[in-house]
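Quick notes on the structure that follows.
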Amino acid sequence: MAPQREWFEKDYYKVLGVPKSASEKEITSAYRKLAKRYHPDANPGAEDRFKEVSAAYDALGDPPKRKEYDEVRRMGPVGNPFAGSRSRPGGGAGPGGFSGTFGPDDLGDLLGNLFNRGRPGGGATRPRTGPLRGDDLEAELHLSFHDAVEGVTTTVNISSDAACGTCGGTGAAPGTSPVICSNCGGRGVLAENQGLFSFSQPCPKCGGTGMRVESPCPTCQGSGMERRARQVKVRIPAGVDEGQRIRLKGRGGIGPNGGSPGDLYVVVRVGQDDVFGRSGKDLTLRLPVTFAEAALGATVKVPTLGAPVTLRIPAGTRSGRTFRVRGHGVPASSGAGDLLVTVEVVVPEQLTEAQREAVEALAAASAESPRRHLGVE
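First residue of the sequence shown? That's -2 in our numbering, and the numbers climb one at a time after it.
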């Protein structure tokens, strides 16, 4: 199959293993993983696969070029571009804004736009081997209930790629240095001519860097990076909730080729508390009271995040009634929530003789049954 036809029929999204809706960051991440896997230094027998992955990223990694690629793909495969094609009735543009008559000049223009390569005699462009943004990382942080509500400064442990401590990130063994690639002369690209077209592609020997590591570092095996554990300081604001993500800009993975680091996302996990529950900005509390306190009314002490407060229980309070103590909930920039106190009337499992006599006297004095409305008395 001619290379020209492959440019129309090759599904570069499938090559990178990403959907057509993938973001630029997802495409870059997929390319980086595949390029590392099939790099000639790490996998000498996968040069063709590395070449294919690099070509896919060359087309999809640049937004304008990706747009051209998608537009060409929508046209469908082209048969023999040099045989011309039948004009559309009435002339005019076909799908995607292309002319109904498609010949060699049109194909050259399309491929020139798609790959950013010149027409015959034009120069080749260097592949995208510049700085790349590092990966975004994610780590879980387990907090106590009170630390999540009140806020805390702590550390999170992560493991990520960092510049190799043995070779300083060069990938070369101590006492050696990377050398200029003899295959491409240090340009990182190889020019190829395909009839009317002249284009370039990453050098399969050096992976498009222009440099070769002849004696790989024994620690990182020539990658220039190693997995390393580190601690990152993080300030947890008051009021964070279960599952909330906190972004630490620039604290993620190291950027290849001198690129900017990614971000670190801390996912908060909040433990349970023996006293308080939580509902958004409000704290919840179940308050046990005696039958006498509920029936006669009482003034009781209620715990809060700070000092205890006094709560008045009106006479005749039923079990399940909730009282709102304003301003004693979860702190927030928009104002603290409230403390919701739900009363639970405690019925003793065993009664003393005096208690039994008192309850029996109360029962005898009761005027009517509370179940009268059910009509079963």
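For glycine and all other residues, C-beta sits at the position ideal for the given N, C-alpha and C.
Quick caveat, the model's predicted, so the values are computed rather than measured.
Does the distance from the CB of leucine 187 to the CB of cysteine 203 come in under 8 Å? Annotated as distal: leucine 187 and cysteine 203, with beta-carbon spacing of 8 Å or more.
Which ranges would you report for the alpha helix (DSSP H) in the segment 137 to 179 if only whole runs of at least 4 residues count? If we require 4 residues or more, the alpha helix (DSSP H) runs fully inside the segment 137 to 179 come out as 142 to 147.
Can you pull the DSSP bridge partners for glycine 274? Paired residues: Thr281.
The segment 208 to 225 / the segment 165 to 177 touching (three or more Cβ pairs under 8 Å): The segment 208 to 225, when compared against the segment 165 to 177, does touch it at the 8 Å Cβ threshold.
What residue range does the beta strand (DSSP E) around lysine 298 cover? Judged by DSSP secondary structure, lysine 298 falls within the beta strand (DSSP E) whose first and last residues are 295 to 299.
Within the continuous beta strand (DSSP E) that includes arginine 227, where are the two ends? According to the DSSP assignment, arginine 227 belongs to the beta strand (DSSP E) that extends over 222 to 233.
Examine the Cβ distances between the segment 284 to 302 and the segment 324 to 342 and report whether three or more of them are shorter than 8 Å. By the C-beta criterion, the segment 284 to 302 is judged to be in contact with the segment 324 to 342, since at least 3 inter-stretch pairs fall below 8 Å.
Please determine, among Gly277, Asp335, Gly249 and Ala53, the residue with the shortest C-alpha to C-alpha distance to isoleucine 24. Taking only the C-alpha atoms, the option nearest isoleucine 24 is Ala53.
Does the Cβ of serine 20 have 16 or more other Cβ atoms within 10 Å, making it buried, or fewer, making it exposed? With fewer than 16 Cβ atoms within 10 Å of its Cβ, serine 20 is classed as exposed.
State the Cα-Cα distance for the pair valine 176 and aspartate 158, rounded to the nearest angstrom. In this structure, the straight-line span from the alpha carbon of valine 176 to that of aspartate 158 is close to 24 Å.
Which of helix, strand or coil does DSSP assign to leucine 31? In the three-state DSSP reduction, leucine 31 falls in the helix class (H, G or I).
Tell me, please, whether the segment 245 to 260 touches the segment 310 to 326 by the rule of three or more beta-carbon pairs shorter than 8 Å. The segment 310 to 326 and the segment 245 to 260 do not touch, with fewer than three beta-carbon pairs separated by less than 8 Å.
Since isoleucine 233 and valine 356 are thought to touch, with beta carbons under 8 Å apart, how far apart are those beta carbons, to the nearest angstrom? Approximately 51 Å separates the beta-carbon atoms of isoleucine 233 and valine 356; this is outside 8 Å, ruling out the contact.
Residues that DSSP places opposite isoleucine 251 in a beta bridge: Isoleucine 251 is bridged by DSSP to nothing; it lacks a bridge partner.
CA-CA distance, cysteine 217 and serine 179? Taking the straight line from one Cα to the other gives about 23 Å.
Take the Cβ of glycine 58 as the centre, count every other Cβ of all protein chains shown within 10 Å, and call the residue buried at 16 or more, exposed below. Buried, since its Cβ has 16 or more Cβ neighbours within 10 Å.
So is valine 272 buried or exposed if we call it buried at 16+ other beta carbons inside 10 Å? Its Cβ having fewer than 16 others within 10 Å, valine 272 is exposed.
Name the two residues that bound the continuous beta strand (DSSP E) containing arginine 242. That run of the beta strand (DSSP E) goes 242 to 245.
Per DSSP, glutamine 198 is paired with what? Looking at the DSSP assignment, glutamine 198 forms a beta bridge with Leu187.
Residue span of the beta strand (DSSP E) that contains glutamate 49, given as start and end: Here glutamate 49 belongs to no beta strand (DSSP E); instead the alpha helix (DSSP H) covers 44 to 57.
Which of the three DSSP states is assigned to threonine 25 in this structure? If DSSP states are grouped into helix, strand and coil, threonine 25 belongs with the helices.
Quick one: is threonine 206 buried, meaning 16 or more other Cβ sit within 10 Å of its Cβ, or exposed? Buried, by the Cβ-count rule.
Along the alpha helix (DSSP H) that carries arginine 353, what are the first and last residues, could you check? Taken as a continuous stretch (DSSP letters only), the alpha helix (DSSP H) holding arginine 353 covers 350 to 362.
Give me the Cα-Cα distance between alanine 145 and valine 237, rounded to the nearest whole angstrom. Straight-line measurement puts the Cα of valine 237 at about 5 Å from the Cα of alanine 145.
Go ahead and pull the three-state DSSP assignment for valine 342. In this structure, DSSP gives valine 342 an extended state, which the three-state scheme calls strand.
Just tell me which of Ala360, Asp279 and Leu138 has its CA closest to the CA of tyrosine 262. Each of Ala360, Asp279 and Leu138 was checked against the Cα of tyrosine 262, and the nearest Cα belongs to Leu138.
Could you compute how far the alpha carbon of arginine 323 sits from the alpha carbon of arginine 242? About 28 Å.
Determine the DSSP secondary structure at valine 286, reduced to helix, strand or coil. Correct three-state label for valine 286: strand.
With respect to the alpha helix (DSSP H) encompassing leucine 13, which residues constitute its N-terminal and C-terminal limits? Element bounds for leucine 13: 9 to 13.
Just the Cα atoms here: how many angstroms apart are phenylalanine 142 and proline 41? Here the C-alpha atom of phenylalanine 142 lies approximately 53 Å from the C-alpha atom of proline 41.
Spell out the partners DSSP gives tyrosine 262 in its beta bridges. Secondary-structure assignment with DSSP links tyrosine 262 through a beta bridge to Glu135 and Arg244.
Could you tell me how far apart the beta carbons of aspartate 461 and arginine 321 are, in whole angstroms, since I believe they sit closer than 8 Å? There is no way to answer for residue 461, as the model of the chain reaches only from -2 to 374.
Leaving out the 5 sequence neighbours to the left and right, which residues in its chain are closer than 6 Å to phenylalanine 95 when beta-carbon positions are compared? Confidence at phenylalanine 95 is low in this model, with a pLDDT of 41, below 50, so its placement is unreliable and the value that follows should be read with caution. If you ignore the 5 residues before and after phenylalanine 95, its C-beta comes within less than 6 Å of no other C-beta in its own chain.
Which of the three DSSP states is assigned to leucine 308 in this structure? Leucine 308 falls in the strand class under three-state DSSP.
Simplified DSSP state of leucine 371, which is helix, strand or coil: Correct three-state label for leucine 371: helix.
In the DSSP assignment, find the unbroken beta strand (DSSP E) run with valine 322 in it and report its ends. For valine 322, the enclosing beta strand (DSSP E) begins and ends at 319 to 322.
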